[in-house]
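In what follows, a structure is listed as structure tokens, so that the remarks can point back to it.
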Amino acid sequence: MSEATGSVLRLDPLRAWRFVAGKVSALGAVTSPPYDVLEPALVRRLNDSDLHNMVRLILPRDPDLGSGRYDEPARRLVGWQRDGIVIQDRRPALYVYEQQFGGATLCGLVGSLGLDPARQVVLPHENVMQHWVDDRFELMEATDADLEPILLAYGGGGTASDAVDEARAGVPWLVADTEDGAHHRIWRIEDPEKLAAIAAELANREALIADGHHRYAAYLERSRRSPQRAGTDTGLAMLVDNERHPLTLDPIHRVVPGLTLDVVKARTPDGWEVLPGRVEGVPDRIAVFDGTSWVTVRSTQGQVTPTVSLLHEELLPAWGIAVDDISFHHALSDATALAGPTQAAVELVAPRMDQVLRSALRGAVLPQKATSFGPKPRVGLLFRMLT
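Sequential numbering from 0 applies to the sequence shown in numbering that gives the first Met the number 0.
Here it is in structure tokens:
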């Protein structure tokens, strides 16, 4: 096994695992969104959709069991393998994955990403929360699997992108429809000359981690602990050419215990303006809701730093808020539903792509849960086993 290296961007072919259509109710019915966007109501629906839904693996239950809580998904996965419910592809390939939902399209290559501890070519842009890194690492160790691909974006437009579009012109290897109305198709690229050409092009690129910072950190931890074990120098990933198939970029909102509108009005520091109501059309604004009323906070100095960074670096300390108490919500409605007299919902706007890239290229990172890139690859269409 070669050592994990950051010298070049590497996406290796793999023999992916997948569900067998005849063994489950439908291929789409056993898939799930990534673990960190699953709200309780959706988890219940997915659990009811099929006994083999991936949520039964990626969200271990009964936290009172401690590390033992990961044994259940591990045993479940072994049973699915034994019963032929999931099988491994016969030959290694890079997989072209396309997801269409409404007017949005996610399209790119799925393979085994070469890890980059030195952060030379695989560039994170967000901080991580250690308890989630530990959680994903424990799940990976127990199942001996990478169940959820992380998502990376790069500026391409060359050979690899041409190979993706050429594959999409053919008959798909796998097709699935999911409960959210999305249509998913997968093709295989296994021709050695095409794979070599893709590898040569990617070797000259850098990629931004768009989604999956905690899973990537868990990949690195696995490699650090078991450097001689085959397969630990890579992790399951999807790589998207953001020029040809651009991702969307959305904010992640906060619920902040202990924050009130009176605190915002009284303790917001100089250089910021507090406006009554939820003011639309203000660039880089922050809106705060207490369950009844809104105020809008905006910088009066103008800035290139993403607003989410300023929230964590300037405003939360001024308001006397402990970051560890904050919860994160992709849907604003989920955040505002929790707002009340003793805790406020904080609505953010998404950073601009140039702000995210600028931060990543200079080695700076945004606060945890700063961005939500999408669309996100569905979990369960393809996954990876280390053995």
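Think of the CB as a built atom: it goes at the ideal place given N, C-alpha and C, for glycine as much as any other residue.
Positions of the beta strand (DSSP E) runs, each at least 3 residues long and wholly inside the segment 293 to 377, are given as 293 to 298, 326 to 328, 342 to 347, 371 to 373 in order along the chain.
With fewer than 16 other Cβ atoms from the protein chains shown falling within 10 Å of its own Cβ, residue 192 counts as exposed. Pairwise C-beta distances place the segment 114 to 128 out of contact with the segment 43 to 51, as fewer than three of them are shorter than 8 Å.
Between the alpha carbons of residue 99 and residue 92 lies a distance of about 22 Å. When beta bridges are read from the DSSP output, residue 31 appears opposite 378.
Taking residue 146 as reference, the option from 362, 202, 217 with the minimal CA-CA separation is 217. Spanning the alpha carbons of residue 165 and residue 16 requires a straight line of approximately 23 Å. Taking the C-beta atoms as reference points, residue 322 is found no nearer than 9 Å to residue 334. Residue environment for residue 338: buried (at least 16 other C-beta atoms within 10 angstroms of its C-beta). Ranking 109, 82, 89, 104 by CA distance to the CA of residue 95 puts 109 first. Under the three-state reduction of DSSP output, residue 129 falls in the helix class.
Straight-line spacing of the CA atoms in residue 299 and residue 270 works out to 5 Å. By the neighbour-count definition (other C-beta atoms within 10 Å, threshold 16), residue 86 is an exposed residue.
Residues 114, 116 of the same chain have their beta carbon placed closer than 7 Å to that of residue 219, with the five preceding and five following residues left out of the count.
At a Cβ-Cβ threshold of 9 Å, residue 374 and residue 259 do not count as neighbours. Proximity of the segment 230 to 248 to the segment 154 to 164 meets the contact definition, three or more beta-carbon pairs being nearer than 8 Å. Taken in chain order, the complete alpha helix (DSSP H) segments of 4 residues or longer contained in the segment 4 to 82 are 39 to 48, 54 to 57, 70 to 81.
Counting only runs of 4 or more residues that sit fully inside the segment 108 to 157, the alpha helix (DSSP H) segments are 129 to 142, in chain order. Taking the Cα positions, residue 306 is about 20 Å away from residue 128.
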